[in-house]
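Student:
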Amino acid sequence: MGSQLQWQPKQVNENLFTRVAVLPTSLVWYQTIFTGIWFGCFESDHQVQEHPVTMLTKFDPGGFFSLHGHPGGEEILVLQGDFADETGVHPPGTYMLNPEGFIHRPYSERGCLTFVKLRQHGGKSRQQIKTNIYKSSWQSGIIPQIELQLLYKQTGYPEKVWVERWQPHTTLSNVVETRGCLTFVKLRQHGGKSRQQIKTNIYKSSWQSGIIPQIELQLLYKQTGYPEKVWVERWQPHTTLSNVVETEMKEIFVIEGIWQDELGSYPTGSWLRYPPHCAYSPRSETGCLIYVKTYPVDRTRFIVGEDFQHPPETLPFT
């Protein structure tokens, strides 16, 4: 790569209460102490070896790290090329969450580009995750501002009936109905003697998050006892949501396409972070594939585990 900059520990987007957007064109690449391995930092602070880091890591062909562990856990999403370690060769789309105690010696014979989050998944009871977003199934996306109750759905009959409860100022754009919906009273539209008889009260029944068909998702990580959730979303072209308000911290990394909000457009390789209570109106004219992570604003999630025995010679930043 063109840059020969050496990393000096410093604060990079460390204020969790500030909205942040980093475009790939503004990312500065630094050379590690290992030949052929580079990184561009999205967030860190001056205690780079103990505190969280979010970054892109690029391996030139033949690049490798020495053996090292991951106190506080590690997330990896392979974007380009093949990332490899003792567990195998991992093609584009591979997502891994390696918990505390995991040790490996990463390398890449052909070169690769990865999205990496370090020291943000403390706790030795965490599950180890490995999946591929291009080979897994998708489900309809969830919109937290809209809740629904399913009133009628029966095998053998095509109709579905539900009620929706919208929070104030919620807007969906470019929603196209393929079957329509049922409201108030409809007569002589439910033939068939085997139909179930339904009676319920919408004010006394439970609600669930609403679903929008223009956004599909894959859940990558959710575990009882830990607050973080990680998933990927696939947006169809011309999809728009209005006045989304976050209740937790939300991070977005654009894997493919262009993600947009009222403040700009963010192409492939962009990273964004929205703090709690931040309102914004996301959209995608081109369609996009994005990584999403949510978590409470609590720095204690970054506590380094007891197995922090990272030999100085394996540290890539110094």
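Following UniProt numbering, the numbering of the sequence shown begins with 1 at its first residue and continues without gaps.
For every residue, glycine included, the Cβ atom is placed at its ideal position computed from N, Cα and C.
This one's a predicted model, so the numbers in the text were calculated from it and none came from an experiment.
I'd like to check one pair, Leu289 with Arg234: are the Cβ atoms closer than 9 Å?
Tutor: Yes; because the gap between Cβ atoms is below 9 Å, this pair is in contact.
Student: Could you give the residue range of the beta strand (DSSP E) that holds Ser265?
Tutor: If you look at Ser265, you'll find it in the beta strand (DSSP E) that goes 264 to 266.
Student: If distances are taken between C-alpha atoms only, which option among Ile133, Pro71, Gln80 comes closest to Ile103?
Tutor: Pro71
Student: Given a threshold of 16 other Cβ atoms within 10 Å of its Cβ, counted over all protein chains shown, does His277 qualify as buried or as exposed?
Tutor: Classification of His277: exposed, given that the 10 Å Cβ count is below 16.
Student: Which value, in whole angstroms, describes the spacing of the CA atoms of Pro61 and Ser108?
Tutor: When rounded, the distance between both Cα atoms is 6 Å.
Student: I need the straight-line Cα distance from Glu14 to Gln214, nearest angstrom please.
Tutor: 33 Å
Student: If you draw a straight line from the C-alpha of Arg119 to the C-alpha of Thr239, how long is it?
Tutor: 34 Å
Student: Drop a sphere of 10 angstroms on the beta-carbon of Ala279, count the other beta-carbons inside from all chains shown, and report buried for 16 or more, exposed for fewer.
Tutor: exposed
Student: Quick one: measure Cβ to Cβ for Leu217 and Trp138, integer angstroms, because I've assumed they're closer than 8 Å.
Tutor: Rounded to the nearest angstrom, the Cβ distance from Leu217 to Trp138 is 7 Å, consistent with a contact under 8 Å.
Student: Tell me which same chain residues have a C-beta within less than 6 Å of the C-beta of Gln127, skipping the five on either side of it?
Tutor: Gln223
Student: Could you check which residue in Phe17, Phe42, Ala21, Val22 has the C-alpha nearest to that of Gln11?
Tutor: Phe42
Student: Pop quiz: Thr57 and Thr131 are said to be a contact at Cβ under 8 Å. What is the actual Cβ separation, rounded to whole angstroms?
Tutor: Not confirmed; about 20 Å, so no contact.
Student: Kindly indicate the opening and closing residues of the beta strand (DSSP E) around Gln11.
Tutor: Counting along the chain, Gln11 falls outside any beta strand (DSSP E), and DSSP gives it neither H nor E.
Student: How far does the beta strand (DSSP E) with residue 326 in it reach, from first residue to last?
Tutor: Here the chain covers residues 1 to 318 and nothing more, so residue 326 does not appear.
Student: Tell me, which residues are paired with Cys288 by DSSP?
Tutor: Trp235, Gly257
Student: Tell me whether Thr294 sits in a helix, a strand or coil according to DSSP, three-state version.
Tutor: The DSSP-derived three-state label of Thr294 is strand.
Student: Work out the CA separation of Tyr291 and Thr268 for me, nearest whole Å.
Tutor: Going from the Cα of Thr268 to the Cα of Tyr291 covers about 11 Å.
Student: Does DSSP put Pro275 in a helix, in a strand, or in coil?
Tutor: If DSSP states are grouped into helix, strand and coil, Pro275 belongs with coil.
Student: What is the DSSP secondary structure of Thr247, reduced to helix, strand or coil?
Tutor: coil
Student: Please go through the same chain and pick out, in chain order, the residues whose beta-carbon is closer than 7 Å to the beta-carbon of Tyr295, but skip the five residues on each side of it.
Tutor: Pro227, Glu228, Glu248, Met249, Arg301
Student: For Leu67, count the other beta carbons within 10 Å of its own beta carbon; 16 or more makes it buried, fewer makes it exposed. Which is it?
Tutor: With fewer than 16 other Cβ atoms within 10 Å, it is exposed.
Student: Since His121 and Glu86 are thought to touch, with beta carbons under 8 Å apart, how far apart are those beta carbons, to the nearest angstrom?
Tutor: Not a contact, Cβ separation roughly 20 Å.
Student: I'd like to check one pair, Ser270 with Val254: are the Cβ atoms closer than 9 Å?
Tutor: yes
Student: How many Å lie between Asp261 and Leu77 at the Cα?
Tutor: 24 Å
Student: May I have the straight-line CA-CA distance separating Gly225 from Gly73, to the nearest angstrom?
Tutor: Answer to the nearest angstrom: the Cα atoms are 15 Å apart.
Student: Would you mind working out which of Ile146, Lys153, Ser265 sits nearest Gly287, comparing C-alpha positions?
Tutor: Ser265
Student: For Pro213, name the three-state secondary structure that DSSP assigns.
Tutor: Pro213 falls in the strand class under three-state DSSP.
Student: Looking at Gly63: is its Cβ nearer than 9 Å to the Cβ of Phe34?
Tutor: yes
Student: Please go through the UniProt domain "ChrR-like cupin" (22 to 120) and give each complete alpha helix (DSSP H) segment of 4 or more residues, from N-terminal end onward.
Tutor: If we require 4 residues or more, the UniProt domain "ChrR-like cupin" (22 to 120) turns out to have no alpha helix (DSSP H) run fully inside it.
Student: Once you ignore the five residues that flank Leu220 on each side, which residues in its own chain have a CB closer than 7 Å to its CB?
Tutor: Tyr95, Ile129, Thr131, Val230, Trp231, Val232
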